[in-house]
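For the sequence shown, our numbering gives the first residue as 5, with consecutive numbering after it.
Where is the CB? At the ideal position from N, CA and C, for every residue including glycine.
Notes for the one structure printed next.
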Amino acid sequence: MCQHDSIPSWLLKPAQNLPIKSSNRLNFLRKTIQHISAIFSNELYLSLEANKAGFLQQIDPRCKFIVLLSFILITNFAQSFGLLGILFIISCLYAKLSKILIWRLVKRVWLVIPLFLLICSIPALFNQVVVGKELVVVLAANPLRSIFPNGLYISDNGAQTVGLLFLRSGISLSFAYVLMVTTPWHDLTKGLSLLKVPVGFILILEMTYRYIFLLSNLALQMSEARFLRSIGKLSHRENRRFLGHAIALLFIKANYLATEIFSAMRLRGYTHKVVSLKTLRLRVTDWVFLVNNLLILIVLFILTRG
5 MCQHDSIPSW
15 LLKPAQNLPI
25 KSSNRLNFLR
35 KTIQHISAIF
45 SNELYLSLEA
55 NKAGFLQQID
65 PRCKFIVLLS
75 FILITNFAQS
85 FGLLGILFII
95 SCLYAKLSKI
105 LIWRLVKRVW
115 LVIPLFLLIC
125 SIPALFNQVV
135 VGKELVVVLA
145 ANPLRSIFPN
155 GLYISDNGAQ
165 TVGLLFLRSG
175 ISLSFAYVLM
185 VTTPWHDLTK
195 GLSLLKVPVG
205 FILILEMTYR
215 YIFLLSNLAL
225 QMSEARFLRS
235 IGKLSHRENR
245 RFLGHAIALL
255 FIKANYLATE
265 IFSAMRLRGY
275 THKVVSLKTL
285 RLRVTDWVFL
295 VNNLLILIVL
305 FILTRG
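Right, dumping it as structure tokens:
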């Protein structure tokens, strides 16, 4: 008897990669796993960027923190678009010198919170919210009309307010993004401790940073286990039930782990001090970086007062 005669015909057919239909309710679990996995891939990206041989990667974390925080403060006091344009160029210049891709900076910063703020502040463009001179008339004035008798138009003050809000948030987050990408987390906390930042504040930052990955790993394990046990379609009700149970379990787990982790830290000799294998010392390059940026900040501060 031939071997092919004993094997069903459907088993001899080549495998086919069928597209996943949008109606498949397992997409909820797939998307959940993808979004949680993105947290770990983002941490890997930050580690790779911080270890590049860029300009800011070679600067002491204390100097970077002081300078970039000063730029953020200047940004939030800026009242002119010209000054904000200069600050935007400075942030892009530091990103370029640090081998950070500009398109990635725009994607990770400008297309998230600043864009959301811009959309939410659209009503402030119109004269019904912020009064000003006419720029673009949407609806002409008509005293006989019950709705918008004075007309509806985009005012100059409204456009300026929305533009300043958008640029300030985007530029401030750009400087913060450059700081986080070019500085390893343990070096940043070490620098904050040397700057005499309260230990309790640094401890909260460290524990929050670690809890993000710990709880994300637990959520990823639950989602993967649920996905492997699921067959066929899942209803929206089942997905909501799973999500509610997962949130409750993570909350209980976080409360339980709080005591366990702190006890383990105490047993391993934790003394509320920030420890790093890298010794931070100010070099000539760091002092030159501080002096140059101090001069730039003085000029920008004078421009903000003017």
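message: Quick check: the Cα distance between residue 135 and residue 79, rounded to an integer number of angstroms?
response: Along the sequence shown, one-based indexing puts residue 135 at 131. Along the sequence shown, one-based indexing puts residue 79 at 75. So the two alpha carbons sit approximately 25 Å from each other.
task: Grab the span of the alpha helix (DSSP H) containing residue 181 for me, first residue to last.
output: Position 177 of the sequence shown holds residue 181. Here the alpha helix (DSSP H) through residue 181 covers 160-186.
task: Using the Cα positions of residue 311 and residue 297, report the straight-line distance between them to the nearest angstrom.
output: Past the edges of the chain, shown from 5 to 310, lies residue 311, and the structure says nothing about it.
- prompt: Which residues in the same chain as residue 130 place their Cβ atom closer than 8 Å to its Cβ, once the five residues preceding and following it in sequence are excluded?
  reply: One-based indexing of the sequence shown puts residue 130 at position 126. Once the five neighbours on either side are set aside, the close Cβ partners of residue 130 are 142, 156, 157, 158, 159, 162.
Neighbourhood of residue 292 by C-beta distance below 7 Å, restricted to the same chain and skipping five residues each side: Here residue 292 is taken as the residue at index 288 of the sequence shown, counted from 1. Excluding sequence neighbours, residue 292 sits near nothing in its chain.
- prompt: Nearest-angstrom Cα distance between residue 146 and residue 133?
  reply: The sequence position of residue 146 within the sequence shown is 142, counting from 1. The sequence position of residue 133 within the sequence shown is 129, counting from 1. Residue 146 and residue 133: Cα-Cα distance of roughly 18 Å.
- request: Take the Cβ of residue 172 as the centre, count every other Cβ of all protein chains shown within 10 Å, and call the residue buried at 16 or more, exposed below.
  value: Stepping through the sequence shown from its first residue, residue 172 is reached at position 168. Buried.
message: In the DSSP output, which residue or residues are listed as bridge partners for residue 130?
response: To locate residue 130, count along the sequence shown from 1; it is residue 126. In the DSSP output, where bridge partners are listed per residue, residue 130 has 158.
- request: Let me know if residue 154 comes out buried or exposed under the rule of 16 or more other beta-carbons within 10 Å of its beta-carbon.
  value: Counted from its first residue, the sequence shown places residue 154 at position 150. Residue 154 should be labelled exposed.
message: With H, G and I counted as helix, E and B as strand and the rest as coil, what does DSSP make of residue 142?
response: On the sequence shown, position 138 is the one that residue 142 refers to. Annotated three-state conformation of residue 142 is strand, per DSSP.
message: What does the Cβ neighbour count give for residue 116, buried or exposed, with the cut at 16 atoms within 10 Å?
response: In the sequence shown, residue 116 corresponds to position 112, counting from 1. Residue 116 comes out exposed.
query: Expressed to the nearest angstrom, what Euclidean distance is found between the alpha-carbon atoms of residue 46 and residue 308?
result: Mapped onto the sequence shown, residue 46 falls at position 42. Mapped onto the sequence shown, residue 308 falls at position 304. So the two alpha carbons sit approximately 36 Å from each other.
- prompt: According to DSSP, is residue 293 helix, strand or coil?
  reply: The count along the sequence shown starts at 1 and reaches residue 293 at position 289. Residue 293 carries a helical assignment under DSSP once its states are collapsed to helix, strand and coil.
- prompt: Pick from 245, 299, 274: whose alpha carbon is nearest that of residue 203?
  reply: As a working mapping, residue 203 is identified with position 199 in the sequence shown. Out of 245, 299, 274, 274 has the C-alpha closest to the C-alpha of residue 203.
task: Flag this pair as touching only if the region 236-243 and the region 213-224 have three or more C-beta atom pairs under 8 Å; answer yes or no.
output: no
query: Under three-state DSSP, which class holds residue 212?
result: Stepping through the sequence shown from its first residue, residue 212 is reached at position 208. Correct three-state label for residue 212: helix.
- request: Quick one: grab the DSSP three-state call for residue 103.
  value: By one-based count along the sequence shown, residue 103 stands at place 99. In this structure, residue 103 counts as coil in the three-state DSSP scheme.
- prompt: Quick one: what does DSSP say residue 248 is sitting in, helix, strand or coil?
  reply: Within the sequence shown, residue 248 is the residue found at index 244, counting from 1. Correct three-state label for residue 248: helix.
field: Span separating the alpha-carbon of residue 13 from that of residue 113
entry: Locating residue 13 in the sequence shown gives position 9, counting from the first residue. Locating residue 113 in the sequence shown gives position 109, counting from the first residue. Residue 13 and residue 113: Cα-Cα distance of roughly 55 Å.
task: Check whether the region 227-235 touches the region 192-208, counting contact only when three or more Cβ pairs, one atom from each stretch, lie closer than 8 Å.
output: no
query: Between the region 50-63 and the region 176-190, are three or more C-beta pairs nearer than 8 Å?
result: yes
message: If you follow the alpha helix (DSSP H) that residue 123 is in, where does it begin and where does it stop?
response: The residue you call residue 123 lines up with position 119 of the sequence shown. Per DSSP, residue 123 belongs to the alpha helix (DSSP H) from 117-124.
query: Mind checking whether residue 75 and residue 94 have CB atoms under 8 Å apart?
result: If you number the sequence shown from 1, residue 75 lands on position 71. If you number the sequence shown from 1, residue 94 lands on position 90. Yes, the Cβ-Cβ distance between residue 75 and residue 94 is below 8 Å.
message: Short of 6 Å in beta carbon distance, which residues of its chain neighbour residue 178, apart from the five on each side in sequence? Order them along the chain.
response: The residue given as residue 178 occupies position 174 in the sequence shown. 95, 113.
- prompt: Nearest CA to the CA of residue 108: which residue from 302, 260, 181?
  reply: As a first step, residue 108 is located in the sequence shown; it is residue number 104 there, counting from the start. When each option's Cα is compared against that of residue 108, the closest is 181.
task: Apply the 10 Å Cβ neighbour rule to residue 299 and answer buried if 16 or more other Cβ atoms are within range, or exposed otherwise.
output: Sequence index remark: in the sequence shown, residue 299 carries index 295 (1-based). By the 10 Å Cβ count, residue 299 comes out exposed.
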